[in-house]
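Numbering (my numbering), first residue to last: 676 to 761.
Everything below concerns the one structure shown next.
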Amino acid sequence: MMRLVLTQLLLFLLPFIFYAIWLWASKKSNHPERWSKGPIAWLTLSGVGLVIAGFVAMASIDTAPEGKQFRPSEMRDGVFVPGRYE
């Protein structure tokens, strides 16, 4: 669950990070409070788009094998048995 949250947070912040690097590299403004609202709105929309694309990609990649049922990990007779598909 934490991997999912951190991945989606990184995808959302990615446009802001690249924009900040671009501002720093071009020496346009080193102060975020001087950013106009236009780029912030577009950065937010692109971040949301990346998050949606990330959810779609994860849903299409992380699928269970056809006809299999997941058995969660458990302790059996003092031995750890990892989760598996049966």
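Even glycine gets a Cβ: it sits at the ideal position worked out from N, Cα and C.
query: Which residues does DSSP list as the beta-bridge partners of residue 754?; result: 751
query: In terms of alpha-carbon separation, which member of 683, 678, 677 lies closest to residue 730?; result: 683
query: In terms of residues, what are the limits of the alpha helix (DSSP H) holding residue 682?; result: 677-701
query: Grab me the residues of residue 761's own chain with a C-beta within less than 7 Å of its C-beta, minus the 5 sequence neighbours each way, in chain order.; result: 743, 744, 746
query: Apart from the five residues just before and just after residue 694, which ones in its own chain have a Cβ nearer than 6 Å to its Cβ?; result: 718
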